[in-house]
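For reference, the structure is listed below as structure tokens.
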Amino acid sequence: MELLAKLQTQLDDLEARSLIRKRRTVETPCGPRLRVDGRDMLCFSSNDYLSLAGHPRVAEALREGVSLYGAGSGASHLISGHSRAHAELEERLADFVGPYLESPRALYFCTGYMANLGVLNGLAAGDKNTEIFSESLNHASLIDGARLSRTALKVYPHADVAALAVLLADSTATNKIVVTDSVFSMDGDLAPLPELLALCERHGAWLVVDDAHGFGTLGESGRGALEHFDLRSPHLVYMGTLGKAAGVGGAFVAAHKVVIETLIQKSRPYIFTTGAPPALAHALLASVDIIAGDEGRERRAHLQALVGQMERGLQLERWRLLPSRTAIQPVVIGENAETMRAATALYAQGLWVGGIRPPTVPVGTARLRVALAAGHTAAEVGQLIAALNALERTNHES
Ligand code: PMP
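End of the sequence shown sits at 398 in full-length UniProt numbering; the numbers just go up one at a time, nothing left out.
See below:
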């Protein structure tokens with residue numbers, strides 16, 4: 001078959017199975033209230049949990065970063081693309097999450113996806129006898145990271161510490177890496193990190209924590225999952241993304257300085273790419289200040305109040321709000337068609353909530369992924385709750 005025709009057939013097949021994904025065009029700064037394709041919408045689909053992406057102080061710091069450092073870095077970090085802004089951000093982040101690590105150092109990556117590829121690639125690179133143990137609901141980037149590293153990969157069932165214990169006990173690998181999301185992005189629940197860390201310590205394994213959805217939102221001062229659980233170990237490797245709660249972009253890995261130096265020397269996704277624009281790192285210094293300060297604390301407290309409001313306000317019979325205490329508040333509907341009908345009906349009311357289907361979630365558990373943000377008002381969340389309550393009663397009749 002002709003090359004383009006073959007691709008078109010694959011696209012037609014996705015369309016026929018209602019699996020084509022459409023992009024919508026946002027015309028305003030990211031935030032709880034958006035103009036999308038010419039319409040005013042309330043956004044419950046972004047990961048901008050603290051509503052910092054449109055924060056005037058962060059935007060001003062980005063402008064200042066451009067005037068200090070220009071538009072781009074011009075090269076990879078090991079050539080000439082490592083700027084003072086990158087170095088300052090790395091120092092700030094190492095200080096911020098450092099209390100939970102030993103001899104901490106941090107490394108800024110262009111995206112969380114690349115940071116995850118980079119950590120696994122870097123940790124595996126030193127040792128051919130490596131085995132990676134990955135939680136079943138982990139983000140795609142961790143799975144891809146294991147593949148890039150060409151190491152053996154074992155998947156343990158969601159939150160099943162006992163199953164992981166058996167796998168670790170059976171393993172003869174000399175370099176064991178356990179890797180888990182801290183907050184599961186489609187369920188909103190937390191990994192049992194204290195138990196996982198204890199197990200890793202017993203088996204001499206690394207624990208790599210992907211805190212994409214926890215950094216900035218979890219912990220008294222926003223330091224994320226390590227602060228929330230008060231975890232401490234020289235064998236912890238922490239990854240936090242900076243395009244979600246921090247509102248800008250990129251990600252960082254914080255760990256013992258020997259781990260970070262190993263990544264700088266060996267991690268292909270770190271070495272072989274142009275450094276992120278330094279202005280982003282400069283803007284992130286402002287984000288981290290907000291997260292760590294009183295304003296961050298207030299934003300997290302408001303977000304928690306909104307989480308409580310969802311739990312109290314939703315009165316669902318067939319649909320089910322998952323028991324999440326995080327900003328991710330999934331409403332499981334089950335059927336794909338009913339889920340997409342609900343998402344479309346909400347959109348028609350000006351409420352933008354993502355409908356999530358398999359293979360992103362298991363078959364029969366399609367859901368609305370409600371993502372709350374500190375910039376939402378209680379009245380706006382009330383509007384969403386009322387719409388969901390009403391929709392559950394009408395949707396199955398249509
Ligand atoms: N890890 C998790 C758990 C994520 O949800 C995401 C992004 N959705 C990433 C990593 C990747 O981060 P980034 O978007 O910065 O590439």
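Where a beta carbon is used, it is the ideal one built from N, C-alpha and C, also for glycine.
Query, Result
"The ligand PMP and residue 267: does the residue's C-beta get closer than 7 Å to at least one heavy atom of that ligand?", "no"
"Please indicate yes or no: does the CB of residue 121 lie closer than 7 Å to some heavy atom of the ligand PMP?", "no"
"Looking at residue 129 and the ligand PMP, is the gap between the Cβ and the nearest heavy atom below 7 Å?", "no"
"Within a Cβ cutoff of 8 Å, which residues of the same chain sit near residue 49, ignoring the five residues on either side of it in sequence?", "213, 216, 217, 244, 245, 303, 327, 371, 372, 373 and 374"
"Within 7 Å: the Cβ of residue 189 and any heavy atom of the ligand PMP?", "no"
"I need the DSSP call for residue 101, collapsed to helix, strand or coil.", "coil"
"Do residue 286 and residue 250 have their beta-carbon atoms positioned less than 8 Å apart in this structure?", "no"
"Just to check my reading of the structure: residue 85 and residue 65 have Cβ atoms closer than 8 Å, yes? What is that Cβ distance to the nearest angstrom?", "6 Å"
"Under 8 Å: do the region 253–271 and the region 231–239 share three or more Cβ pairs, one atom per stretch?", "yes"
"Check for me: the beta strand (DSSP E) holding residue 323 runs from which residue to which?", "From DSSP, residue 323 is part of no beta strand (DSSP E); its letter is neither H nor E."
"How many Å lie between residue 182 and residue 289 at the Cα?", "23 Å"
"Roughly how many angstroms separate the alpha carbons of residue 7 and residue 23, rounded to a whole number?", "19 Å"
"Run the proximity test for residue 112: is its beta-carbon closer than 7 Å to any non-hydrogen atom belonging to the ligand PMP?", "yes"
"Taking only three categories from DSSP, how would you classify residue 114?", "helix"
"Between the Cα of residue 437 and the Cα atoms of 26, 124 and 137, which residue gives the shortest distance?", "Coverage of the chain is limited to positions 1 through 398, which leaves residue 437 absent and any answer about it impossible."
"Between residue 360 and residue 260, what straight-line distance do the alpha-carbon atoms span, to the nearest angstrom?", "32 Å"
"Sort 167, 114 and 125 by Cα distance to residue 143 and report the nearest one.", "114"
"At a cut of 8 Å, does the region 386–395 reach the region 344–364 through at least three beta carbon pairs?", "yes"
"State the Cα-Cα distance for the pair residue 178 and residue 5, rounded to the nearest angstrom.", "43 Å"
"To test your reading of the DSSP string, which unbroken beta strand (DSSP E) runs of 3 or more residues are found completely within the region 179–221?", "206–210"
"Go to residue 156, then tell me how far its beta strand (DSSP E) extends in each direction, as first and last residue.", "152–156"
"Using a Cβ-based criterion (distance less than 7 Å to any ligand heavy atom), does residue 116 qualify as near the ligand GDP?", "In the structure on display, the ligand GDP does not appear, and the ligands it does have are the ligand PMP."
"Count the other CB atoms within 10 Å of the CB of residue 15; is the residue buried (16 or more) or exposed (fewer)?", "exposed"
"Roughly how many angstroms lie between the CA atoms of residue 131 and residue 109, to the nearest whole one?", "24 Å"
"Buried or exposed: residue 356, going by 16 or more other Cβ atoms within 10 Å of its Cβ?", "buried"
"Looking at residue 175 and residue 148, is the spacing between their C-beta atoms short of 8 Å?", "no"
"Just to check, is the beta-carbon of residue 241 closer than 7 Å to a non-hydrogen atom of the ligand PMP?", "yes"
"Do residue 118 and residue 269 count as a contact pair if the criterion is CB distance below 8 Å?", "yes"
"Pairing CB atoms from the region 227–234 with CB atoms from the region 189–196, are three or more of them under 8 Å?", "yes"
"Applying the 10 Å Cβ sphere with the 16-neighbour rule, what's the burial state of residue 184?", "buried"
"With a threshold of 7 Å, establish whether the CB of residue 149 neighbours any heavy atom of the ligand PMP.", "no"
"Between which two residues does the beta strand (DSSP E) containing residue 132 stretch?", "130–135"
"Just how far apart, CA to CA, sit residue 351 and residue 129?", "50 Å"
"Mapping DSSP to helix, strand and coil, what is residue 354?", "strand"
"Kindly give me the distance between the Cβ atoms of residue 28 and residue 35, rounded to whole angstroms, as I take these residues to be in contact under 8 Å.", "5 Å"
"What distance in whole Å lies between the Cβ atoms of residue 274 and residue 76, which are believed to be in contact at a cut-off of 8 Å?", "6 Å"
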